[in-house]
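First to last, the protein sequences are chains Z and V. If you count the first sequence from 1, you need to add 2 to reach my numbering. If you count the second sequence from 1, you need to add 20 to reach my numbering.
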Amino acid sequence: RKEVEQDPGPFNVPEGATVAFNCTYSNSASQSFFWYRQDCRKEPKLLMSVYSSGNEDGRFTAQLNRASQYISLLIRDSKLSDSATYLCVVNGRGSTLGRLYFGRGTQLTVWP
Amino acid sequence: NAGVMQNPRHLVRRRGQEARLRCSPMKGHSHVYWYRQLPEEGLKFMVYLQKENIIDESGMPKERFSAEFPKEGPSILRIQQVVRGDSAAYFCASSPQTEGSEKLFFGSGTQLSVL
């Protein structure tokens, strides 16, 4: 079983739409959770960390459900510039700091 | 303030040749990580280094791959006798490694193509 599983998509949505991505992870001892963004095979860039209580950054909202080992990302009022691949990323207790497990990513295309 | 610098951006090698990939971490960062992304796959951890030390190489293939981070100069990922299956994007990342920080800053990657 993979460490991190994501629906690869693609998700194709119009500008202004709300879209949600989900992710599950296998290691119940995981302690750190992130969403990264990757454009056209360029380098991944940190979008936001995910905290137990849930957190919001502008149009982006991340949620964590430890019991279900489930992470979500909600994007409101989608922009054309949101088109990218969104990577769900986790670490684990005791793992080397910086050793992250990446999902394959969910592809999003926002059309005008 | 320059970010993580990787070179070359693209590297073409024939089967059996050696590939050397270089990475200079962000200023002030002394911890370097190498990740590999195969086509249509997620990034996979390879190795974690500090200056002159390999901390975790559990993600490195057992043969042909090696990494170093000398006291002076960039970190080097070396692949000997490359095969077609080595074709991938290789990303280097660095972190400030302050307590509790696991946020990685990635370089733009080296795309290795093996003919």
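No residue lacks a Cβ here, since even glycine has one placed at the ideal position from N, Cα and C. All values derive from a computational prediction rather than experimental measurement.
Considering only beta carbons, the part of the region 43 to 55 of chain V lying closer than 7 Å to chain Z consists of His51 and Tyr53, in chain order. Taking the CA atoms as reference points, phenylalanine 125 (chain V) sits about 22 Å from glycine 60 (chain Z). Contact annotation: in the region 62 to 78 of chain V, residues whose CB is within less than 7 Å of a CB in chain Z are Gly62, Leu63, Phe65, Tyr68, Ile75 and Asp76. The alpha-carbon of glutamine 71 (chain Z) is positioned some 21 Å away from that of threonine 87 (chain Z). Here threonine 26 (chain Z) is buried, its C-beta having at least 16 other C-beta atoms within 10 Å. Rounded to whole angstroms, the separation of the alpha carbons of leucine 76 (chain Z) and serine 115 (chain V) is 27 Å. Sequence-ordered contacts of the region 12 to 45 of chain Z with chain V read Ser34, Arg43, Lys44 and Glu45 [C-beta pairs closer than 7 Å]. When the Cα atoms are used, glycine 105 (chain V) and phenylalanine 36 (chain Z) turn out to be separated by approximately 29 Å. Using a CB distance cut-off of 8 Å, arginine 101 (chain Z) counts as an interface residue toward chain V. Just so you know, the alpha carbons of arginine 101 (chain Z) and threonine 20 (chain Z) end up roughly 32 Å apart.
Judged by DSSP secondary structure, tyrosine 38 (chain Z) falls within the beta strand (DSSP E) whose first and last residues are 35 to 40.
Nearest in C-alpha terms to alanine 109 (chain V), of all of V:Lys82, V:Gly62, V:Glu88 and V:Leu69, is V:Gly62. Against leucine 110 (chain Z), chain V offers no close residue; the least beta-carbon distance is about 16 Å (beta-carbon pairs closer than 8 Å). For a Cβ distance threshold of 7 Å, residue set Gly62 and Leu63 of chain V lies close to phenylalanine 104 (chain Z), ordered along the chain.
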